[in-house]
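Right, one structure below, let's go through it.
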Amino acid sequence: MAKTKSVWFCKECGNESPKWMGRCPACGEWNTMVEETVSIGKNQHLHVSEIVPGASHKPVPLKDIDSTHEQRISLNNAEVDRILGGGLVEGSLVLIGGEPGIGKSTLSLQIPLNCPQLKTLYVTGEESARQVKLRAARIGGDDSGCMIYSETLMENIIAEARRMMPDLMVVDSVQTMFSQNVESSPGSVTQIKETAAMLLRFAKETGIPVILIGHITKEGSIAGPKILEHIVDVVLQFEGDNRGTYRLLRSIKNRFGSTSELAVFEMTGKGLREVSNPSEMLVPMHEEGLSGVAVSAMLDGTRPFLIEVQSLVSTAAYGTPQRSATGFDVRRLNMLLAVLEKRAGFKLGVKDVFLNMAGGLKVNDPACDLAVISAVLSSNFDFAIPSDICFAGEIGLSGEIRPVAQTDRRIIEAARLGFKKIFVSSYSSLEGIPQQTSGSIEVIKVADVPSLCRSLFKGN
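Under the working numbering, the residues of the sequence shown are numbered 2 to 461, in order.
Encoded structure:
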């Protein structure tokens, strides 16, 4: 007869401790220990590290392993196929995370509806079969190959999947599933580890790809222990404002492809629509002559697109100046404002500064620095930047404008969308730009912030 005991687990890394500790000794995070009840004795379930996935447990010489062809399954969605590296690999375990209402369940249901040739087992633990049917009717598509299974016990799910042997299995969500081998509630560290290990073993033994849906915490990371992200093969995370229309699907981990890919979707009444050319939707959509607006030629992964940067500078009404940024790191905004004041002499310390990235997107590319300070200065002077000008450059602490990666691709994208001028660093290399592109757009090189102001705000 198995006995039970109470142990403490770290929510970040899954480290086990016999008592509570303020700081996890494994990962160093504070206040992450949670108490759970586990089984000990003869009936204790295998630990995650003891479960070895794979159909064959015999050692195989490395030289005899065939790696010339990797079978992939197309999901009839160009954006998802591209971010996966060309399609879904057989036997892979894919984790999709995101905030509530961002579109995780919608995307996971659109996949089988767009692929009727695939026999799909859709396991729902959060919704009833009727709720899934209502969403499928709203989305539309061919539901002939999709089987809905409302269950949360992993032993029943694995048994049904082995009986049915589908081409694809979707589990929504991993936090609602539980195993009877573990005496803890669904969503706990132990249950998530055991559930993920069972699904991994099933996927590797049968060659059936499994898509997992996962929640995220308020800090933006996927809920559960970090070991969950280590177990799966691919981690995709939704980003964007769920009150807006655009969604970004970013590859955080991919054992079968690049992690520098980005997919853009638009949320509509009939589900997520692929946005093959996001630049055309993120460039200015207003009349000309507005101050505080600049366009940045940014690069997210390997995908260039242009985004509108909006700024508002006004006199501080309550004594203490406010600094607010939406979609941009507010600490970097403070650094750029300090550079403008110290290196260029603009007195912005007594003014409120608000910054917004159009479309509800979150921007991490340092090439947006040049557009940010241009938008701030435009609002400060109340001087409109012409709509056919864009920017690509990083700002250093000494006020210099530093070159950014793949400047040529940014210039080509700007020229394709009809921009006439682009400001870049004077140290940027312009090799690789086609002759017809260089003739259609003027590249203006600037070395520092004062030279940018002289070139951009002449006569103001």
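Idealized CB from N, CA, C, for every residue including glycine.
Tell me where the alpha helix (DSSP H) around P451 begins and ends. Residue mapping note: residue 451 aligns to position 450 of the sequence shown, counting from 1. Element bounds for P451: V450 to L457.
With R410 as the anchor, note down where its beta strand (DSSP E) starts and where it stops. Sequence index remark: in the sequence shown, residue 410 carries index 409 (1-based). No beta strand (DSSP E) holds R410; the alpha helix (DSSP H) holding it covers T408 to R417.
For the alpha helix (DSSP H) containing M199, list its first residue and its last residue. Indexing the sequence shown from 1 puts residue 199 at position 198. Taken as a continuous stretch (DSSP letters only), the alpha helix (DSSP H) holding M199 covers V190 to T207.
Specify whether the stretch 81–93 and the stretch 177–191 touch according to this definition: at least 3 beta carbon pairs, one from each stretch, less than 8 Å apart. Counting Cβ pairs under 8 Å, fewer than three are found: no touch.
Going residue by residue through the stretch 114–168, where are the continuous alpha helix (DSSP H) segments of at least 4 residues, counting only ones entirely within it? Taken in chain order, the complete alpha helix (DSSP H) segments of 4 residues or longer contained in the stretch 114–168 are 130–140 and 155–165.
How should M166 be labelled, buried or exposed, when 16 other C-beta atoms within 10 angstroms of its C-beta is the threshold for buried? Counting from 1 along the sequence shown, the entry for residue 166 is found at position 165. An exposed status is given to M166, since fewer than 16 other beta-carbon atoms sit within 10 Å of its beta-carbon.
Kindly identify the DSSP beta-bridge partner or partners of C391. Numbered from 1 along the sequence shown, position 390 holds the residue referred to as residue 391. In DSSP, C391 forms a bridge with V296 and I423.
For D370 and E401, believed in contact at Cβ under 8 Å, the rounded distance: Position 400 of the sequence shown, counted from the start, is the residue given in the question as residue 401. Position 369 of the sequence shown, counted from the start, is the residue given in the question as residue 370. E401 to D370, Cβ: 11 Å. No contact.
Could you tell me the distance, in whole angstroms, from the CA atom of E267 to the CA atom of K20? Position 266 of the sequence shown, counted from the start, is the residue given in the question as residue 267. Position 19 of the sequence shown, counted from the start, is the residue given in the question as residue 20. Rounded to the nearest angstrom, the gap between the Cα atoms of E267 and K20 is 47 Å.
Taking the DSSP output, what are the residues bridged to H231? Your numbering for residue 231 matches position 230 in the sequence shown. DSSP output for H231 lists no bridge partner at all.
Determine the closest residue to L283 out of V236, K363, P113 and V425, with distance taken between C-alpha atoms. If you number the sequence shown from 1, residue 283 lands on position 282. Per the Cα distances, K363.
Label D144 either buried or exposed according to how many other C-beta atoms from any shown protein chain fall within 10 Å of its C-beta, with 16 as the threshold for buried. Stepping through the sequence shown from its first residue, residue 144 is reached at position 143. Here D144 is buried. Its C-beta has 16 or more other C-beta atoms within 10 Å.
Can you give me the C-alpha to C-alpha distance between G15 and I228, rounded to a whole angstrom? Position 14 of the sequence shown, counted from the start, is the residue given in the question as residue 15. Position 227 of the sequence shown, counted from the start, is the residue given in the question as residue 228. When rounded, the distance between both Cα atoms is 6 Å.
Using 10 angstroms around the beta-carbon of N157, count the other beta-carbons present and answer buried if the total reaches 16, otherwise exposed. One-based indexing of the sequence shown puts residue 157 at position 156. Its Cβ having fewer than 16 others within 10 Å, N157 is exposed.
How about K254 and E230: are their beta carbons less than 9 Å apart? The sequence position of residue 254 within the sequence shown is 253, counting from 1. The sequence position of residue 230 within the sequence shown is 229, counting from 1. It is a contact, given that the beta carbons lie within the stated cut-off.
Any idea what DSSP makes of T107, helix, strand or coil? The count along the sequence shown starts at 1 and reaches residue 107 at position 106. In the structure shown, T107 sits in a helix (DSSP, three-state: H, G or I).
Among the candidates S297, L338 and S312, whose CA atom is the shortest distance from the CA of E526? For residue 526 there is no data in the structure shown, the boundaries of the chain being 2 and 461.
Can you list, in chain order, the residues of its chain with a C-beta nearer than 6 Å to that of A56? Leave out the 5 residues immediately preceding and following it. Walking along the sequence shown from the start, residue 56 turns up at place 55. Confidence at A56 is low in this model, with a pLDDT of 45, below 50, so the placement of that residue is unreliable and no value is reported for it.
Reference L209, options S93, V425 and S439, closest by Cα: Here residue 209 refers to the residue found at position 208 of the sequence shown. It should be noted that the sequence gives Ile, not Leu, for residue 209. Of the listed residues, the one whose Cα sits closest to I209 is S93.
Label S106 either buried or exposed according to how many other C-beta atoms from any shown protein chain fall within 10 Å of its C-beta, with 16 as the threshold for buried. The residue labelled residue 106 in the question sits at position 105 within the sequence shown. The residue in question, S106, is buried, as its Cβ has 16 or more Cβ neighbours within 10 Å.
Between the C-alpha atoms of G361 and T246, what's the straight-line distance to the nearest angstrom? Working through the sequence shown from its first residue, we reach residue 361 at position 360. Working through the sequence shown from its first residue, we reach residue 246 at position 245. Those two C-alpha atoms are separated by around 8 Å.
In this structure, does DSSP put M336 in helix, strand or coil? Stepping through the sequence shown from its first residue, residue 336 is reached at position 335. Looking at M336 - three-state DSSP - the assignment turns out to be helix.
At least 3 beta-carbon pairs within less than 8 Å: the stretch 109–120 vs the stretch 234–242: No contact exists between the stretch 109–120 and the stretch 234–242.
For R410 and I469, the rounded distance between their alpha carbons: Residue 469 is absent from the structure shown; the chain starts at 2 and stops at 461.
Using 8 Å as the Cβ pair cut-off and three pairs as the minimum, do the stretch 328–342 and the stretch 256–274 touch? Contact fails: fewer than three Cβ-Cβ distances are below 8 Å.
Consult DSSP for V331 and reduce its assignment to one of helix, strand or coil. Numbered from its first residue, the sequence shown carries residue 331 at position 330. Helix at V331.
Could you work out which residue in L76, L313 and K348 is closest to V294 when comparing CA atoms only? Walking along the sequence shown from the start, residue 294 turns up at place 293. Comparing Cα positions, the closest option is L313.
Beta bridge counterpart(s) of W31 as assigned by DSSP: Translated into the one-based positions of the sequence shown, residue 31 becomes position 30. DSSP lists R24 as partners of W31.
Of the listed residues I112, G290 and F347, nearest to V211 (C-alpha basis): If you number the sequence shown from 1, residue 211 lands on position 210. Measuring from the Cα of V211, the nearest candidate turns out to be I112.
Give me the Cα-Cα distance between L356 and L457, rounded to the nearest whole angstrom. Locating residue 356 in the sequence shown gives position 355, counting from the first residue. Locating residue 457 in the sequence shown gives position 456, counting from the first residue. Roughly 20 Å separates the two Cα atoms.
6 Å CB neighbourhood of S7 in its chain, flanking five on each side removed: Residue numbering aside, residue 7 sits at position 6 when the sequence shown is read from its first letter. Setting aside the 5 residues that flank it on each side, S7 is surrounded in the same chain by E36 and T38, each with a C-beta closer than 6 Å to its C-beta; the list follows chain order.
Taking the alpha-carbon positions, what's the C454 to V351 distance? The residue labelled residue 454 in the question sits at position 453 within the sequence shown. The residue labelled residue 351 in the question sits at position 350 within the sequence shown. Spanning the two alpha carbons is a distance of roughly 21 Å.
Under the three-state reduction of DSSP, which class applies to S259: helix, strand or coil? In the sequence shown, residue 259 corresponds to position 258, counting from 1. Here S259 sits in coil by DSSP.
Would you kindly work out how many angstroms separate the C-alpha atoms of G419 and S430, rounded to a whole number? Here residue 419 refers to the residue found at position 418 of the sequence shown. Here residue 430 refers to the residue found at position 429 of the sequence shown. Rounded to whole angstroms, G419 to S430 spans 22 Å at the Cα level.
Does the distance from the C-beta atom of F424 to that of N381 stay below 9 Å? Residue 424 sits at position 423 when you count from the first residue of the sequence shown. Residue 381 sits at position 380 when you count from the first residue of the sequence shown. If you check the CB distance, F424 and N381 do not come in under 9 Å.
For V171 and A197, which I take to be in contact (beta-carbon distance under 8 Å), what is that distance rounded to the nearest angstrom? Numbered from its first residue, the sequence shown carries residue 171 at position 170. Numbered from its first residue, the sequence shown carries residue 197 at position 196. Contact flag wrong, Cβ pair sits at about 15 Å.
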